[in-house]
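*Asks:*
Protein chains in written order, with the working numbering: chain A, 1 to 345; chain B, 1001 to 1345.
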């Protein structure tokens, strides 16, 4: 089967570009230096490819991702980089560890007495203290980390270290400002770690992957697939170690002299970073099931039935909207179909 | 089960408000005057409720919605208000009609020779000519409608009329300007209809439902559930015939002195109309699995574990991200769970 035969909208992964992205990251952050974040792709087949490139520990954002990774045999070292209070989901994770203690390891982030109590009550054993390093989201005040670690130990939990995500720095385009901001965040994380202890100091993302010399592991995810926001905003100023590997392929379903319409709408795309891009064209707007675009001067006019690639502005929510991703080779032949099997919560 | 027992994020429908919305619309546009658009909710249980309020014909945006409606016994009069070229999907629709010709009727929109040929080749019988009434998306030039109708008849298709969606008018807040714009659109549609013939003149949406005196049916969908964009931008200036009936309920998973964090992120929300709203609070930003918010002055500080309602800015893509919707009564008791069974393409 070829791209031209796919029902559209269809999520398409360029195999060669994907492998280049994985190789570039494995070269920069080999083995356990990278703990790939599966929230970016929600796909155990992609996680398997990351493991083939040497990374055996993974980061997750939801219990569903944790349980799905374990069920797929990828649960040897999982970190839930998020706070969970739901006793059923915490219990399901504890049960997954208890069922296969040699094969499944689950560490969960906590940032309060309540999340510590919930983890302990569910029978989970390992935690990290989530520290606020400047992004107003989850994470305790750095000065509170030691108290929480002590509390967790009193509840019988093993405190494996600290994590802190400097999400406020990811889209900084000035390299020196970015470096300084990362350093400031890691200073906060180190101060917390001095009070907490443990072997893990976990931080970072695709936008800062090359600036982390003082943590034990980096949680990058988007690098494997990339999106236009990362490609143009971040790496536009810092070189291009990673390239766009994922698109949503659409069919031209309507053509007028001034514009054409694709069947790739906002229900097939993550829209929180704005409109997607089409090569050689200007995207006018997206509706639920449509994308209206106009070819740039010098670009051939779209014809009814043409297949067109749409490059998402944000990869994570785009992946989460599709049931499967089609892996294509350089000739556009579909060589594999991977389920997006870690969706939901 | 109560709202407080739901795993979060959870899609929640307020039964009373929903029924009020359905009743208000059935009063304004009774029976066949409204052809509810199921793209807004993608849920056959909601379509069934709309049928109980007297509407027996429905509008769809995808073949999956058409086939799902027919499978649910709601396919007596379906209009696919979108252009489709895929022969497999068109063939599946033709097969659904052929299998139950007394119970299933499918009319598809066409706007070109190519879409006419595709419908005819697949064995579909009924079409409407989709006319551009000012929104640069699908739809032929009004002056081309007669030629296409003639072409369709030569291909053996029954031409049932015209449709044209004035999407560019929906968010107009000035009533007089809106009325004039709707009139201009309907003028174009009438000019096309004069050349096309047929019984159907289909147009409109929730934002213009009360301004359509010259069409045979209105395609509104959002009115049943509503969202903050419609509620504040459109009906803020025109009164409030419909109210917010759908929210995404989240759990407070992290609390700091200046902010709190919910487990309702942008993967649980349609984000193309911007951030959602939280009553009595300011939403700072959404991440993949988080919403950071701050309570307004005078509002009680959020506590860990609190359940909080998040009001989406755009209902259609929000529904499409969830597998089920929980119907709750005035006491927050979950009285029903409806699958969002028309997702995908």
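Note that CB positions come from ideal geometry on N, CA and C, so glycine has one too.
If you measure from the beta carbon of residue 1312 of chain B to each beta carbon in chain A, is any gap under 8 Å?
*Replies:* Taking Cβ atoms only, chain A never reaches closer than 8 Å to residue 1312 of chain B, which makes this a no.
*Asks:* If you compare alpha carbons, which of B/1249, B/1217 and B/1120 is closest to residue 1087 of chain B?
*Replies:* The shortest Cα separation from residue 1087 of chain B among B/1249, B/1217 and B/1120 belongs to B/1120.
*Asks:* How about residue 1237 of chain B: is its C-beta nearer than 8 Å to some C-beta of chain A?
*Replies:* Not one chain A Cβ lies under 8 Å of residue 1237 of chain B.
*Asks:* For a test of the three-state rule: what should DSSP assign to residue 1340 of chain B, helix, strand or coil?
*Replies:* DSSP places residue 1340 of chain B in coil when its eight states are reduced to three.
*Asks:* May I have the straight-line CA-CA distance separating residue 1209 of chain B from residue 1339 of chain B, to the nearest angstrom?
*Replies:* When rounded, the distance between both Cα atoms is 27 Å.
*Asks:* Only counting the same chain, and skipping five residues up and downstream in sequence, which positions put a Cβ closer than 6 Å to that of residue 1207 of chain B?
*Replies:* 1170 and 1234, listed in sequence order.
*Asks:* In chain A, which residues lie less than 7 Å from residue 1427 of chain B when you measure between Cβ atoms?
*Replies:* With chain B covering only 1001 through 1345, there is no way to say anything about residue 1427 of chain B.
*Asks:* I'd like to know if residue 326 of chain A contacts chain B, where contact means its C-beta is closer than 8 Å to some C-beta of that chain.
*Replies:* Not one chain B Cβ lies under 8 Å of residue 326 of chain A.
*Asks:* Is there a C-beta anywhere in chain B that falls below 8 Å from the one on residue 342 of chain A?
*Replies:* Not an interface residue.
*Asks:* Hey, residue 1294 of chain B and residue 1041 of chain B are a contact pair by Cβ (cut 8 Å); roughly how many whole angstroms apart?
*Replies:* Actually they do not touch by this definition, with Cβ atoms about 31 Å apart.
*Asks:* Please classify residue 1001 of chain B: is it buried, with 16 or more other beta-carbons within 10 angstroms of its beta-carbon, or exposed?
*Replies:* Flag for residue 1001 of chain B reads exposed.
*Asks:* Can you pull the chain B residues whose beta carbon is under 7 Å from the beta carbon of residue 261 of chain A, in chain order?
*Replies:* Correct list: 1137 and 1138.
*Asks:* Starting from the C-beta of residue 1267 of chain B, find all residues in its chain whose C-beta is less than 8 Å away, skip the five residues before and the five after it, and write them out in chain order.
*Replies:* Result list for residue 1267 of chain B: 1288, 1289 and 1321, in chain order.
*Asks:* Nearest-angstrom Cα distance between residue 27 of chain A and residue 131 of chain A?
*Replies:* Rounded to whole angstroms, residue 27 of chain A to residue 131 of chain A spans 28 Å at the Cα level.
*Asks:* Check whether chain B comes within 8 Å of residue 180 of chain A, counting only Cβ atoms and requiring the distance to be less than that.
*Replies:* Output row for residue 180 of chain A: interface = no.
*Asks:* Exposed or buried, which one is residue 48 of chain A when buried takes at least 16 other CB atoms within 10 Å?
*Replies:* Flag for residue 48 of chain A reads exposed.
*Asks:* Using Cβ-Cβ distances below 7 Å, what residues of the segment 5 to 17 of chain A are close to chain B?
*Replies:* Per Cβ criterion, the list reads 7 and 9.
*Asks:* Return helix, strand or coil for residue 25 of chain A, following the three-state DSSP convention.
*Replies:* Helix at residue 25 of chain A.
*Asks:* What does a CB cutoff of less than 6 Å around residue 198 of chain A pick up in its chain, not counting 5 residues either side in sequence?
*Replies:* If we look at residue 198 of chain A and ignore the five residues flanking it on each side, its Cβ neighbours are 159, 160 and 161.
*Asks:* What's the C-alpha gap between residue 1143 of chain B and residue 332 of chain A?
*Replies:* Computed Cα separation, rounded: 39 Å.
*Asks:* So is residue 349 of chain A buried or exposed if we call it buried at 16+ other beta carbons inside 10 Å?
*Replies:* This structure cannot settle anything about residue 349 of chain A, because the visible part of chain A is limited to 1 through 345.
*Asks:* Per DSSP, what kind of secondary structure is residue 164 of chain A in: helix, strand or coil?
*Replies:* Of the three classes helix, strand and coil, the one that applies to residue 164 of chain A here is strand, per DSSP.
*Asks:* Check whether chain A comes within 8 Å of residue 1271 of chain B, counting only Cβ atoms and requiring the distance to be less than that.
*Replies:* Closer than 8 Å to some Cβ of chain A, the Cβ of residue 1271 of chain B qualifies, so yes.
*Asks:* Report, in whole angstroms, the separation of the C-beta atoms of residue 29 of chain A and residue 202 of chain A, which I expect to be a contact under 8 Å.
*Replies:* Contact flag wrong, Cβ pair sits at about 12 Å.
*Asks:* Compare the C-beta of residue 1084 of chain B with all C-beta atoms of chain A and state if any pair is closer than 8 Å.
*Replies:* Judged by the 8 Å Cβ criterion, residue 1084 of chain B is in contact with chain A.
*Asks:* Can the beta-carbon of residue 1137 of chain B be found closer than 8 Å to that of residue 1114 of chain B?
*Replies:* No, they are not a contact pair.
*Asks:* Where does residue 335 of chain A land, buried or exposed, given buried means 16+ other C-beta within 10 angstroms?
*Replies:* That one is exposed.
*Asks:* By how many angstroms is the C-alpha of residue 319 of chain A removed from the C-alpha of residue 93 of chain A?
*Replies:* Approximately 24 Å, taken between the alpha carbons.
*Asks:* Does the separation of the CB atoms of residue 127 of chain A and residue 107 of chain A fall below 8 Å?
*Replies:* For residue 127 of chain A and residue 107 of chain A, yes; Cβs fall inside 8 Å.
*Asks:* Just list the residues that DSSP pairs residue 1140 of chain B with in beta bridges.
*Replies:* Partner(s): B/1131.
*Asks:* How far does the alpha helix (DSSP H) with residue 1122 of chain B in it reach, from first residue to last?
*Replies:* Start and end: 1113 to 1122.
*Asks:* From residue 264 of chain A to residue 1104 of chain B, what distance separates their C-alpha atoms?
*Replies:* Cα to Cα, residue 264 of chain A sits roughly 27 Å from residue 1104 of chain B.
*Asks:* Where does residue 1287 of chain B fall in DSSP's three states?
*Replies:* If DSSP states are grouped into helix, strand and coil, residue 1287 of chain B belongs with coil.
*Asks:* Three-state secondary structure (DSSP) at residue 172 of chain A?
*Replies:* Residue 172 of chain A falls in the coil class under three-state DSSP.
*Asks:* Which class does residue 229 of chain A belong to by DSSP, given the choice of helix, strand or coil?
*Replies:* DSSP places residue 229 of chain A in helix when its eight states are reduced to three.
*Asks:* Using the rule of at least 16 other Cβ atoms within 10 Å of the residue's Cβ for burial, across every protein chain shown, is residue 100 of chain A buried or exposed?
*Replies:* That one is exposed.
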